[in-house]
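Accompanying notes for the structure given below.
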Amino acid sequence: MKPSSQQSGATAAERPIPVWRVVRHDDFPSPYQLVRWLECELRLALKVDVSASGEFLLRGATEDAAATLQEVADGQPRGIVLARREPSRRGVLVGYPTGLPLDPVLEHPLVVSAVRCSYSAGLKRHLPTRQVQLTLQGHVPAALDLGCFGTFAVRRYIQEPVRCYRCQAFGHYQRQCQRRQELCGVCSGEHASRACVRLLREGGERPVARCPNCGARHHAWNRRCPARLRQIPGSTVARQLQWKEAPLLPPRSIPQPPFHGMKTPP
């Protein structure tokens, strides 16, 4: 039975048109001449882009053109060598010891690049965390098997929304904040967050947690905070956390890029 147009459309949507890198073009002086030949001689409707490294990237503008481009890649006429470009994804490797180098991660066949996350320890110091930001070929796996070094979980990467660490609100940086008095990210009091954090870590009197953004009983850096989730496209705003679900102590390892702009998956 012939599928309906709706069914055909769904199937086509699920099957993305591949992108090809021009690896060799023996019979052509440049990739540009190759593209012109494909358009003129094979009557191919193409979409062409050039990567930051100067590679020509070819994509069929229609499904028929994509099928013909696949035949060119398979047959390699006139010394044309095309390689399928796998889409890259970003993820976060979790729990990777700070004492281990990144070499075992970079040697994994799925990993394109890896950057150790860090957190600000004050006095312009950035200390490493147990998380590594990855660029991966294809999909983001649930875990990476690094042989004798162990298997580590991988989460998808989502850029952390812009946040002020003076008033704890989203949408601006601390240097742009118009509030003079710092607002505590643990109890919402008008004092520096480090005062309550010190009490929690040293076992002193436990402050009452109150998020300055949503009012729930958790600290401002809780990744499940509804106010934070509203800032992330595609996130579902969770219900307000109950006391037992909301840890008071802020995490020691809040990942961020090597210099500025905190980024962490939800």
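In terms of the UniProt record's numbering, the sequence shown opens at residue 1 and continues consecutively.
C-beta atoms are modelled at their ideal positions from N, C-alpha and C, and glycine is treated no differently.
Fair warning: this is a prediction, and the values are worked out from it, not measured in the lab.
In the three-state DSSP reduction, Asp-27 falls in the coil class, being neither helix nor strand. Taking 4 residues as the shortest admissible run, the segment 28-105 contains the following complete alpha helix (DSSP H) segments, listed from N- to C-terminal end: 31-40, 63-75.
Listed in chain order, the non-local C-beta contacts of Ala-153 below 8 Å within the same chain comprise Leu-93, Val-94, Gly-95, Ala-142, Ala-143, local neighbours out to five positions each way being set aside. Along the length of the segment 115-182, whole beta strand (DSSP E) runs at least 3 residues long occupy 125-137, 143-145, 151-156, reported in chain order. Contact check for Ile-17 against Gly-60 passes: the beta carbons are separated by less than 7 Å.
At a Cβ-Cβ threshold of 7 Å, Arg-116 and Val-140 do not count as neighbours. Phe-56 has its alpha-carbon roughly 15 Å from the corresponding atom of Val-72. Taking every protein chain shown into account, the CB of Ser-188 has 16 or more other CB atoms within 10 angstroms, so this residue is buried. When DSSP states are grouped into helix, strand and coil, Ser-113 belongs to the strand group. Around the beta carbon of His-191, a 10 Å sphere encloses fewer than 16 other beta carbons of the protein chains shown; the residue is thus reported as exposed.
In this structure, Ala-66 is the residue among Arg-155, Ala-66, Ala-220 with its C-alpha nearest to the C-alpha of Leu-38.
Where Cys-196 is concerned, the enclosing alpha helix (DSSP H) starts and stops at 193-202. For Ala-227, the enclosing alpha helix (DSSP H) stretches over residues 226-229. Within 10 angstroms of the beta-carbon of Thr-151 lie fewer than 16 other beta-carbons, which makes it exposed. Per DSSP, reduced to three states, the secondary structure at Arg-210 is coil, with no helix or strand assignment. Between the alpha carbons of Arg-130 and Tyr-157 lies a gap of roughly 15 Å. When secondary structure is reduced to three states using DSSP, Trp-20 falls in the strand class. Here Cys-164 is near Gln-174, since their CB atoms are less than 7 Å apart. Annotated as distal: Cys-211 and Cys-196, with beta-carbon spacing of 7 Å or more. Cβ atoms of Ser-118 and Thr-135 stay farther apart than 8 Å, at about 17 Å. The beta-carbon distance between Gly-185 and Ala-220, rounded to whole angstroms, is 4 Å. This is short enough to meet the 8 Å contact definition.
Between Arg-89 and Val-19, the C-beta spacing is not below 7 Å. Here Pro-207 has Val-186, Cys-187, Cys-196, Leu-199 as same chain residues with Cβ atoms under 7 Å from its own Cβ, once five neighbours each way along the sequence are excluded. Taken atom to atom, the span from the alpha-carbon of Ile-232 to that of His-218 is near 19 Å.
Apart from sequence neighbours up to five positions away, no residue of its chain approaches Gln-176 with a beta-carbon distance below 7 Å. Rounded to the nearest whole angstrom, the CA to CA distance from Ala-169 to Cys-214 is 10 Å.
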